[in-house]
Amino acid sequence: MREFLRELFRTELYKPNQGRIVRQLTALGIAVLLLAGVYQLFESLRFGLRAFPGDWIEWLNGWLLYVGVGAIGRNPTVETWIRELTRYGLPLILVFLSLWIAYRAVNYPRFADFLIAVEAELHKVSWPTTAEVYRSSIVVLITIFGLAFVLYAFDLFWRVMFRWLNIL
């Protein structure tokens with residue numbers, strides 16, 4: 009963990025020309041997950057929803073208000089400004105932080121070496137032709153519909169049987 013935290017403060021790329029596609033897609037996936045969390049935070053701040061009373065957002069708001077009121081005095085405009093700063097500023101900071109973490113994660117040497125190896129293995133795989141994929145898909149679809157028909161027939165049989173026996 010300490011290594012990764014140290015890695016967050018670096019800017020250079022690790023083996024920039026190797027495993028580019030897998031690393032870019034992995035960074036995109038990490039960024040999407042982190043940004044989804046930031047979006048949820050933004051929505052909860054926007055509508056004032058709280059997971060539980062006394063959560064850390066309330067604490068941050070209160071602390072900023074305490075500092076603002078202590079420095080300027082009680083002023084509704086300043087209090088509104090501080091609430092808006094928390095509502096929009098915190099998610100904005102977290103967006104940039106999330107993007108930076110996604111960028112640095114794929115340049116973390118251990119993880120980058122793993123992703124480079126993954127891309128190398130992807131190039132070794134013999135991918136099926138379009139005709140093979142088509143034939144395989146037809147087999148899967150026929151099997152699925154066949155099983156659906158058999159299960160429906162069993163269901164119909166047992167329904168008739170249980171009604172005849174006055175169970176249903």
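In the numbering used here, the protein residues as written are 9 to 176.
No residue lacks a Cβ here, since even glycine has one placed at the ideal position from N, Cα and C.
Nothing here was measured: the structure is a model prediction, and the numbers come from that model.
Am I right that A120 and R31 are in contact with their C-beta atoms under 8 Å? What's the rounded C-beta distance? 7 Å
Mind checking L36: buried by the 16 CB within 10 Å criterion, or exposed? exposed
DSSP on S134, reduced to helix/strand/coil? coil
Minimum C-alpha distance to L98 - residue among G45, K23, A39: Answer by Cα proximity: G45.
I'd like to check one pair, Y116 with F12: are the Cβ atoms closer than 9 Å? yes
Taking 9 Å as the CB-CB limit, is F17 close to chain C? Structure shown: chain C not included; a single protein chain is present.
Distance check for G27 and E129, CA to CA, integer angstroms please. So the two alpha carbons sit approximately 10 Å from each other.
If you draw a straight line from the alpha carbon of F153 to that of S52, how long is it in whole angstroms? 44 Å
Determine the direct distance from the alpha carbon of A156 to that of R112, and round the result to whole angstroms. 48 Å
Return the chain-ordered list of same chain residues with a C-beta closer than 8 Å to the C-beta of I109, the five sequence neighbours on each side being excluded. Cβ within range, chain order: L16, I38, L42.
Evaluate S106 with the Cβ neighbour count: other Cβ atoms within 10 Å of its Cβ, from every protein chain shown; 16 or more gives buried, anything less gives exposed. buried
Report the option in W166, V114, V141 whose CA atom is closest to the CA atom of R18. V114
One question on the structure: do F50 and R91 come within less than 9 Å of each other, judged by their Cβ atoms? no
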